[in-house]
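Sequence lines, in order, name chains P and Y.
The opening position of the first sequence corresponds to residue 2 in this note's numbering, with each subsequent residue numbered one higher.
The opening position of the second sequence corresponds to residue 253 in this note's numbering, with each subsequent residue numbered one higher.
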Amino acid sequence: MRTRGRWPPPEGPRVAIVGSRRPSPYGEAVAEQLGLELARAGVVVISGLALGIDAAAHRGALDGGGPTVAVMGTGVDVIYPAAHGVLAEAILAGGGALVSQFPDGTAPRRHNFPARNYTMAALSDVVVVVEAAEGSGALITAEAALDLHKEVMAVPGSVFSPLSVGTHGLLRDGAGLVQNARDVLAALSLGGEVLDDPLATPHELGFRLPAPRDGILSHLSDVLALNAAEIARKLQLPVAEVLGRLTALELEGAVKRHQGGYVRALRRGKERA
Amino acid sequence: MLGSVDSCVLAGLEARRVHVECDIGRGSEPAFHLVGLAATTVKEARERVRSAIKNSGLEYPRTRFTVNLAPAEMRKEGAALDLPIAIAIVLALTRRSAPPNSAFLGELALDGTVRHADGVIVAARCLRALGYERIFVPAEDAAEAALVEGVEVIPCATLAAAVNHLLEVETIAPAHGGVAQIGSGPDTTEHDLAEVHGQDEAKRALEVAAAGGHHLLLSGPPGAGKTMLARCLPGILPPLELAEALEVTQVRSLLGELPRGRPLDWTRPFRSPHHGVSMAGLIGGGSGLAAPGEISRAHHGVLFLDELAEFQTPVLQALRQPLETGRVSITRAGGSVVYPARFTLIAATNPCPCGWSGDSVRACRCTPAAIDMYQRRLSGPLLDRIDLQVAVRRVPVEHLASEPRGEGSAMVRERVVAARARQLDRQGCLNAQLKVARLRQVAGLGPEARRTLERWAAQRGLTARGFHRAWRVARTAADLDASDDIQEHHVLEALGFRLQDVAA
């Protein structure tokens with residue numbers, strides 16, 4: 002095994018957070034929040050340095066001040082995707098590590114990634130899946146974890162979203178339900194079972210839902226994109242006006258563009274300096 | 253024995269004067285010499301002219317004679333010199349001179365019929381500018397030539413008729429035409445917005461594009477109705493103005509695409525070249541002198557590029573100059589020509605290679621890297637010049653019937669016409685063509701509107717070009733609203749049509 006950075010990581014439980022490379026804003030927010038909370042609780046967050054859920058989990062863990070480990074499907078000297086060079090540097094600077102079972106210089110190859118997923122499961126105590134469509138690589142990690150007798154947990158999503166098919170399948174087959182970081186900590190026997198009202202959890206976890214000051218927001222979902230025309234019809238308003246109001250909300254970071262439409266943003270976008 | 257007449261050859265939308273001289277010698281050996289840098293089509297005139305003269309029952313020289321095309325250093329192309337060559341020979345034999353300030357154009361058939369020539373209206377316009385008062389043209393092109401005011405058009409059905417007119421045996425009545433005779437055609441729109449179910453966002457974008465002359469990108473899965481929407485654009489544009497129609501007619505005339513008998517058409521051109529189109533096909537080109545391409549055929553109309561990402565990159569890059577200036581200048585071996593190319597671009601693209609990214613029913617099978625690469629092919633300088641971008645979503649078949657139809661094209665066109673009139677009154681051009689300095693002058697932003705636009709620009713890292721483009725679209729939104737000031741909601745609407753600005 003080739004490594005860069007601090008290896009082995011500090012003592013402590015290890016949790017892998019994996020999921021779609023093209024998540025919804027909801028999935029991305031959940032992965033980032035889980036990474037942050039788990040890192041704060043002293044958990045080493047493991048993921049695969051891929052786009053989407055993986056990156057969100059790494060970023061969350063770094064924000065939470067914890068070391069995070071990227072298990073790579075390329076050589077440790079080949080950052081893939083290349084756009085994650087900055088993230089890889091941040092992981093190393095944050096006391097984490099890049100690790101790979103492949104020799105230096107190995108380029109990204111389709112058939113190497115399932116093996117990487119297996120390694121990721123082997124290195125972790127618990128695997129949490131956030132948004133995985135049917136046939137997603139995250140499900141390979143979950144299967145590997147089951148083979149290795151590791152705990153598999155999943156975050157539920159919208160029943161309308163194709164990205165929920167994989168995770169809901171896991172839940173139906175007995176995976177642990179993850180509504181927040183405490184569910185994961187409980188599975189690690191680091192806290193009590195969470196039995197409180199699931200509807201209250203987003204607030205406790207620190208999600209900031211924008212105040213419903215605009216009638217448009219109540220028509221938007223976290224996951225399913227609606228376009229201006231669809232909202233305009235519901236509100237019986239001209240499409241030009243609705244488009245303008247959506248843009249105003251977008252400027253404030255209360256809504257995001259997603260798949261040709263708009264969804265509610267769960268975390269406020271950072272203003273660029 | 254000398255005879256001479258004037259004619260011209262075309263170089264793009266310009267005509268160059270050609271003086272055709274014939275000298276009949278005394279030698280006993282009959283021979284026809286053609287000099288003066290004639291291209292193949294002109295050299296072949298010898299055979300056509302000989303047969304046409306003989307079959308018209310006219311005398312043909314029995315001695316050696318020479319036809320010279322002046323100026324000698326200019327290359328001459330095209331069959332329209334047939335008629336002037338034949339006339340010059342006949343005049344030399346009959347020792348007559350051509351009427352003053354007259355020019356001749358036309359191709360000859362072997363039986364002496366005068367055939368259609370391309371670009372007669374262009375020639376007529378340029379010859380009038382050169383001081384000619386009378387032009388002899390093929391009879392079938394007379395209506396086209398008569399669109400040019402201030403020049404007498406003599407329609408020639410046969411060589412014999414033209415000769416009889418010149419010898420004053422039997423005069424030909426000049427063609428009366430002018431523009432006045434051609435009323436505006438039937439006001440039919442082939443595709444009506446009322447036929448498109450739903451898609452209100454894209455319809456609004458079309459309205460803004462039509463009102464301000466902005467270019468538009470439609471992005472969405474296959475079957476979302478992108479092509480249908482694009483085809484609706486000509487129907488919500490006002491009919492061509494006379495000056496515009498004449499420009500459109502000239503380009504079509506050069507290409508020989510004018511319908512006979514109805515040379516002036518008031519409908520806006522709609523061109524949709526296939527994505528395999530070559531550089532020469534889209535921009536213009538060919539050997540010798542460049543011929544107009546699709547962008548010039550779409551002048552004053554709509555150029556629809558479906559599957560934008562499938563076009564060759566160099567071809568798309570070449571669109572940048574015409575998009576900015578409304579004209580294209582092409583240099584080939586035969587010289588440089590400038591063609592008009594002021595069109596509204598509508599581009600359509602799938603969101604990803606398989607087309608289904610973002611669809612509510614079918615799953616997309618593309619990897620993030622593939623989508624990234626696909627979108628990168630589109631990004632950059634070309635997208636930066638497209639003011640309006642809108643995502644089109646597929647309406648599931650079972651919902652189609654319940655989707656409201658919305659307004660018809662006629663109603664939308666009324667608003668578009670009013671908004672265009674406001675712009676022309678205020679600044680003499682459409683908003684999309686406003687230069688930055690003029691934009692500042694005539695399209696002041698209120699404090700609220702300015703703050704919003706600046707905030708977006710800072711948040712999304714807008715280029716100066718992007719900033720001004722959003723500003724122009726906001727001006728158009730205000731014009732559609734019949735508002736003198738650009739208000740904040742106009743800016744917000746304009747920004748809503750900027751898909752390319754991804755949040756940092």
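Just so it is clear, CB atoms sit at the ideal spot from N, CA and C, and this is done for glycine as well.
If you're wondering where the values come from, they're calculated on a predicted model, not measured in any experiment.
What three-state label does DSSP hand His467/Y in the structure shown?
Locating residue 467/Y in the second sequence gives position 215, where the first residue counts as 1. DSSP places His467/Y in coil when its eight states are reduced to three.
Expected contact under 8 Å - CB spacing of Gly713/Y and Leu445/Y to nearest Å:
As a first step, residue 713/Y is located in the second sequence; it is residue number 461 there, counting from the start. As a first step, residue 445/Y is located in the second sequence; it is residue number 193 there, counting from the start. Wrong, their Cβ atoms sit about 35 Å apart, outside the cutoff.
Using a Cβ-Cβ cutoff of less than 7 Å, which residues in the same chain neighbour Ala274/P once the five nearest sequence positions on both sides are dropped?
In the first sequence, the residue the question calls residue 274/P occupies position 273. Any answer about Ala274/P is weak, because its pLDDT of 29 lies below 50 and its placement is not dependable; what the coordinates show is given next. So no residue of the chain qualifies.
In whole angstroms, what separates the C-alpha of Ala550/Y from that of Ala229/P?
Counting from one through the second sequence, the residue named residue 550/Y turns up at place 298. Counting from one through the first sequence, the residue named residue 229/P turns up at place 228. Approximately 31 Å between the Cα atoms of the pair.
Got a sec, what are the start and stop residues for the alpha helix (DSSP H) Ile47/P sits in?
The residue labelled residue 47/P in the question sits at position 46 within the first sequence. No alpha helix (DSSP H) contains Ile47/P, which is instead part of the beta strand (DSSP E) from Val45 to Ser48.
For Leu93/P, return the contacting residues in chain Y, with the cut-off set at a CB-CB distance below 9 Å.
Numbered from its first residue, the first sequence carries residue 93/P at position 92. Ordered by position in chain Y, no residue passes the 9 Å Cβ test against Leu93/P, which lies about 24 Å from the chain.
Cβ-based neighbour list, Cys616/Y, same chain, cut-off 7 Å, excluding 5 preceding and 5 following
Looking up residue 616/Y in the second sequence gives position 364. Excluding sequence neighbours, Cys616/Y sits near Cys604, Cys606, Trp608 and Ser609.
Using a Cβ-Cβ cut-off of 9 Å, state whether Leu247/P counts as contacting chain Y.
As a first step, residue 247/P is located in the first sequence; it is residue number 246 there, counting from the start. Judged by the 9 Å Cβ criterion, Leu247/P is in contact with chain Y.
Check the Cβ of Arg183/P against every Cβ in chain Y and list those closer than 8 Å, keeping chain order.
For the purposes of this step, residue 183/P is taken as the residue at position 182 of the first sequence. Residues of chain Y passing the Cβ test: none, with the nearest at roughly 31 Å.
Whose C-beta lies closer than 6 Å to the C-beta of Ala267/Y among residues of the same chain, with five residues either side of it excluded?
Mapped onto the second sequence, residue 267/Y falls at position 15. The answer, listed in chain order, is Cys260, Ala375 and Cys378.
Please list the residues of the segment 702 to 728 of chain Y that have a C-beta atom closer than 8 Å to any C-beta atom in chain P, keeping them in chain order.
Thr704, Arg707, Trp708, Ala710, Gln711, Arg712 and Gly713
Under 9 Å, do Glu33/P and Gly66/P count as touching if we go by C-beta distance?
Here residue 33/P refers to the residue found at position 32 of the first sequence. Here residue 66/P refers to the residue found at position 65 of the first sequence. Not a contact, by the Cβ cut-off of 9 Å.
With DSSP run on the structure shown, which of helix, strand or coil describes Ala255/P?
Here residue 255/P refers to the residue found at position 254 of the first sequence. Ala255/P falls in the coil class under three-state DSSP.
DSSP on Phe749/Y, reduced to helix/strand/coil?
Locating residue 749/Y in the second sequence gives position 497, where the first residue counts as 1. In this structure, Phe749/Y counts as coil in the three-state DSSP scheme.
Which class does Pro390/Y belong to by DSSP, given the choice of helix, strand or coil?
Stepping through the second sequence from its first residue, residue 390/Y is reached at position 138. Correct three-state label for Pro390/Y: strand.
Is there a Cβ from chain P that is less than 9 Å from the Cβ of Ala755/Y?
For the purposes of this step, residue 755/Y is taken as residue 503 along the second sequence, with counting starting at 1. Bear in mind that a pLDDT of 49 at Ala755/Y, under 50, signals an unreliable position, so the number given afterwards is only what the model happens to contain. Chain P, which has a Cβ nearer than 9 Å to the Cβ of Ala755/Y, makes this yes.
Below 7 Å CB to CB, which residues in the same chain sit around Ala143/P once its five sequence neighbours on both sides are set aside?
Translated into positions along the first sequence, residue 143/P becomes position 142. Answer for Ala143/P: Val128, Val130, Val153 and Leu171, listed in chain order.
Within 9 Å of any Cβ in chain Y, is that where the Cβ of Val240/P sits?
Within the first sequence, numbered from 1, the residue matching residue 240/P stands at position 239. Yes, contact with chain Y.
In the structure shown, what three-state DSSP assignment does His204/P receive?
As a first step, residue 204/P is located in the first sequence; it is residue number 203 there, counting from the start. In this prediction, His204/P scores a pLDDT of 36, lower than 50, which makes its location untrustworthy; the coordinate-derived value is nonetheless stated afterwards. Residue state, collapsed to three classes: helix.
Can you name, in chain order, every residue of its own chain whose Cβ lies under 7 Å from the Cβ of His259/P, other than the five neighbours on each side?
Start at 1 with the first residue of the first sequence, and residue 259/P comes out as number 258. Closer than 7 Å at the Cβ level, and outside the excluded window around His259/P, lie Ser25, Pro26 and Ala226.
Looking only at its chain, what residues have a beta carbon closer than 6 Å to the beta carbon of Ala730/Y, apart from the 5 residues adjacent to it on each side?
Counting from one through the second sequence, the residue named residue 730/Y turns up at place 478. For Ala730/Y, where only same-chain residues beyond five positions count, the Cβ hits under 6 Å are Ile738 and His742.
Comparing C-alpha positions only, which one of Val19/P, Thr120/P, Ala116/P and Met73/P sits nearest to Asp55/P?
Here residue 55/P refers to the residue found at position 54 of the first sequence. It is Val19/P.
State buried or exposed for Trp708/Y, treating a residue as buried only when at least 16 other CB atoms are found within 10 Å of its CB.
Counting from one through the second sequence, the residue named residue 708/Y turns up at place 456. Its Cβ being crowded by 16 or more others within 10 Å, Trp708/Y is buried.
Checking 9 Å against the spacing of the C-beta atoms, do Pro14/P and Ala98/P come in under that value?
If you number the first sequence from 1, residue 14/P lands on position 13. If you number the first sequence from 1, residue 98/P lands on position 97. Cβ atoms of Pro14/P and Ala98/P: not closer than 9 Å.
Sequence-distant residues of its chain with Cβ nearer than 7 Å to Arg380/Y (five each side left out)
Taking the second sequence and counting its residues from 1, the one referred to as residue 380/Y is at position 128. Closer than 7 Å at Cβ, skipping near neighbours: Val400, Gly402 and Val403.
Determine the direct distance from the alpha carbon of Gly43/P to that of Asp64/P, and round the result to whole angstroms.
Translated into the one-based positions of the first sequence, residue 64/P becomes position 63. Translated into the one-based positions of the first sequence, residue 43/P becomes position 42. When rounded, the distance between both Cα atoms is 13 Å.
Mind checking Trp723/Y: buried by the 16 CB within 10 Å criterion, or exposed?
Counting from one through the second sequence, the residue named residue 723/Y turns up at place 471. Classification for Trp723/Y: buried.
6 Å Cβ shell around Leu597/Y - same chain, five flanking residues per side excluded
Translated into positions along the second sequence, residue 597/Y becomes position 345. The answer, listed in chain order, is His467 and Leu555.
Does any CB atom of chain P fall closer than 9 Å to the CB of Glu666/Y?
Position 414 of the second sequence, counting from 1, holds the residue named residue 666/Y. Not closer than 9 Å to any Cβ of chain P, the Cβ of Glu666/Y fails to qualify, so no.
Does chain Y have any CB closer than 9 Å to the CB of Glu132/P?
Position 131 of the first sequence holds residue 132/P. Chain Y contact via Cβ: absent.
Can the beta-carbon of Ser303/Y be found less than 9 Å from the beta-carbon of Asp363/Y?
Start at 1 with the first residue of the second sequence, and residue 303/Y comes out as number 51. Start at 1 with the first residue of the second sequence, and residue 363/Y comes out as number 111. Their beta carbons are under 9 Å apart, which means Ser303/Y touches Asp363/Y by this criterion.
So, using beta-carbon positions, are Phe749/Y and Leu238/P closer together than 9 Å?
On the second sequence, residue 749/Y is found 497 positions in, with the first residue counted as 1. On the first sequence, residue 238/P is found 237 positions in, with the first residue counted as 1. No, the pair does not count as a contact, with Cβ atoms beyond the cut-off.
At which residues does the beta strand (DSSP E) containing Gln641/Y begin and terminate?
Position 389 of the second sequence, counted from the first residue, corresponds to residue 641/Y. Leu640 to Ala643 is the span of the beta strand (DSSP E), which, as asked, contains Gln641/Y.
Please list the terminal residues of the continuous alpha helix (DSSP H) segment that includes Val79/P.
Taking the first residue of the first sequence as position 1, residue 79/P is located at position 78. Here Val79/P belongs to no alpha helix (DSSP H), and DSSP marks it neither H nor E.
Have a look at the DSSP bridge pairing and note the partners of His527/Y.
Here residue 527/Y refers to the residue found at position 275 of the second sequence. DSSP, once it has assigned bridges, lists no residue as partnering His527/Y.
Starting from the beta carbon of Gly20/P, find every residue of chain Y whose beta carbon is closer than 8 Å, and list them in chain order.
Residue mapping note: residue 20/P aligns to position 19 of the first sequence, counting from 1. Going along chain Y, no residue has its Cβ under 8 Å from Gly20/P, so there is no contact; the nearest lies around 13 Å.
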